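Numbering (the UniProt record's numbering), first residue to last: 1 to 208.
Structural data, given as structure tokens:
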């Protein structure tokens with residue numbers, strides 16, 4: 001049962017099941033291995049239970065060993081993807097450790113998008129590998145131009161009392177996944193990017 005539980009936890013963590021919020025983006029290797037591990041573990045349990053009355057002890061042990069091995073491989077792949085990822089937390093001061101990212105609350109980001117003359121807002125999330133890669137990429141631009149990027153992490157409000165406000169915010173700006181970047185002028189959205197890694201130049205122009 002442990003391999004099944006581990007696979008399910010990793011799939012939930014990856015946003016592939018039971019996740020109504022913008023999903024974490026993981027590599028194909030991690031997601032495929034999670035599904036393989038889960039399916040094999042379930043089949044192993046079913047077969048072991050079905051053959052409990054028969055003399056299939058050795059075969060059951062082999063199935064169990066393979067399930068555990070797949071589970072361990074799954075954990076290793078997942079750990080290697082995220083061991084260097086430290087951004088995101090429950091407090092503003094625990095946002096990415098960089099002077100170029102200005103972490104704000106949900107109400108602050110709504111206020112900025114509504115009232116700022118010209119602003120670019122980055123929407124990210126804790127444990128989001130694509131967010132981590134985008135932050136590393138855009139930091140070069142921010143450092144060069146000495147500009148702070150207004151930053152909001154969706155995980156700060158997913159399970160709090162203001163969840164309705166949070167969901168309304170996502171719907172208002174069409175945020176279905178992170179990373180996500182919004183460019184607004186005087187309360188009017190000029191552009192949005194749901195794949196910012198492939199739109200660095202456009203975002204750079206908006207920031208300038």
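Where is the CB? At the ideal position from N, CA and C, for every residue including glycine.
Predicted model, so just to flag it, every value in this text is computed and none were measured.
*Rounded separation between residue 110 and residue 150 - CA only*: Here residue 110 is taken as the residue at index 110 of the chain shown, counted from 1. Here residue 150 is taken as the residue at index 150 of the chain shown, counted from 1. Taking the straight line from one Cα to the other gives about 11 Å.
*Simplified DSSP state of residue 100, which is helix, strand or coil*: Taking the chain shown and counting its residues from 1, one reaches residue 100 at position 100. It is coil, neither helix nor strand.
*Using the C-alpha atoms, what's the distance from residue 207 back to residue 209?*
Residue 209 falls outside the range modelled here, since the chain spans only 1 to 208, and no answer is possible.
*Check residue 116 in the structure and name its three-state DSSP category.*
For the purposes of this step, residue 116 is taken as the residue at position 116 of the chain shown. If DSSP states are grouped into helix, strand and coil, residue 116 belongs with coil.
*Classification of residue 69 by the beta-carbon crowding that lies within 10 angstroms, buried from 16 upward*: The count along the chain shown starts at 1 and reaches residue 69 at position 69. By the neighbour-count rule (16 or more Cβ atoms within 10 Å), residue 69 is not buried but exposed.
_Between the CA atoms of residue 141 and residue 182 - distance to the nearest angstrom_ = Taking the first residue of the chain shown as 1, we reach residue 182 at position 182. Taking the first residue of the chain shown as 1, we reach residue 141 at position 141. Residue 182 and residue 141: Cα-Cα distance of roughly 16 Å.
_Test item: CB-CB of residue 153 and residue 125 under 8 Å_ = The sequence position of residue 153 within the chain shown is 153, counting from 1. The sequence position of residue 125 within the chain shown is 125, counting from 1. The answer is yes: Cβ separation under 8 Å.
_Whole-angstrom C-beta distance between residue 187 and residue 115, which should lie under 8 Å_ = As a working note, residue 115 is residue 115 in the chain shown. As a working note, residue 187 is residue 187 in the chain shown. Confirmed, about 7 Å.
*Pick from 73, 122 and 105: whose alpha carbon is nearest that of residue 219?*
Outside the shown range of the chain (1 to 208) lies residue 219, about which nothing can therefore be said.
*Around the C-beta of residue 184, are 16 or more other C-beta atoms found within 10 angstroms, so that it is buried, or is it exposed?*
Within the chain shown, numbered from 1, the residue matching residue 184 stands at position 184. Buried, since its Cβ has 16 or more Cβ neighbours within 10 Å.
*Residue nearest to residue 113 in terms of C-alpha spacing, selected from 143, 169, 32 and 194*: By 1-based counting over the chain shown, the position of residue 113 is 113. Ranking 143, 169, 32 and 194 by Cα distance to residue 113 puts 169 first.
_Simplified DSSP state of residue 86, which is helix, strand or coil_ = For the purposes of this step, residue 86 is taken as the residue at position 86 of the chain shown. With a pLDDT of 40 at residue 86, under the threshold of 50, the modelled position of that residue is not reliable, and the figure given next carries that caveat. Residue state, collapsed to three classes: coil.
*asked:* Could you compute how far the alpha carbon of residue 100 sits from the alpha carbon of residue 72?
replied: Counting from one through the chain shown, the residue named residue 100 turns up at place 100. Counting from one through the chain shown, the residue named residue 72 turns up at place 72. Going by the C-alpha atoms only, they are around 38 Å apart.
*Endpoints, the beta strand (DSSP E) within which residue 188 is located*: In the chain shown, residue 188 corresponds to position 188, counting from 1. Note, residue 188: beta strand (DSSP E), 188 to 193.
_Let's see if you can read the secondary structure: which residues bound the beta strand (DSSP E) around residue 150?_
Working through the chain shown from its first residue, we reach residue 150 at position 150. First-last of the beta strand (DSSP E) with residue 150: 149 to 153.
*Helix, strand or coil for residue 178, going by three-state DSSP, please let me know.*
If you number the chain shown from 1, residue 178 lands on position 178. It is coil, neither helix nor strand.
*Taking the C-alpha atoms as reference points, what is the distance between residue 193 and residue 130?*
By 1-based counting over the chain shown, the position of residue 193 is 193. By 1-based counting over the chain shown, the position of residue 130 is 130. Straight-line Cα distance between these residues: approximately 13 Å.
*asked:* Between residue 207 and chain C, is any beta-carbon pair separated by less than 8 Å?
replied: Included in the structure is just one protein chain, with no chain C present.
*Which class does residue 166 belong to by DSSP, given the choice of helix, strand or coil?*
Reading the chain shown from its first residue, position 166 is the one you call residue 166. In this structure, residue 166 counts as helix in the three-state DSSP scheme.
*In chain order, what residues of the same chain lie with their CB nearer than 8 Å to the CB of residue 106, ignoring the 5 residues before and after it?*
Translated into positions along the chain shown, residue 106 becomes position 106. Around residue 106: 152, 156, 157, 162, 165, 166 and 169.
*Determine the direct distance from the alpha carbon of residue 61 to that of residue 137, and round the result to whole angstroms.*
Here residue 137 corresponds to residue number 137 of the chain shown, with the count starting at 1. Here residue 61 corresponds to residue number 61 of the chain shown, with the count starting at 1. Distance between the alpha carbons of residue 137 and residue 61: 48 Å.
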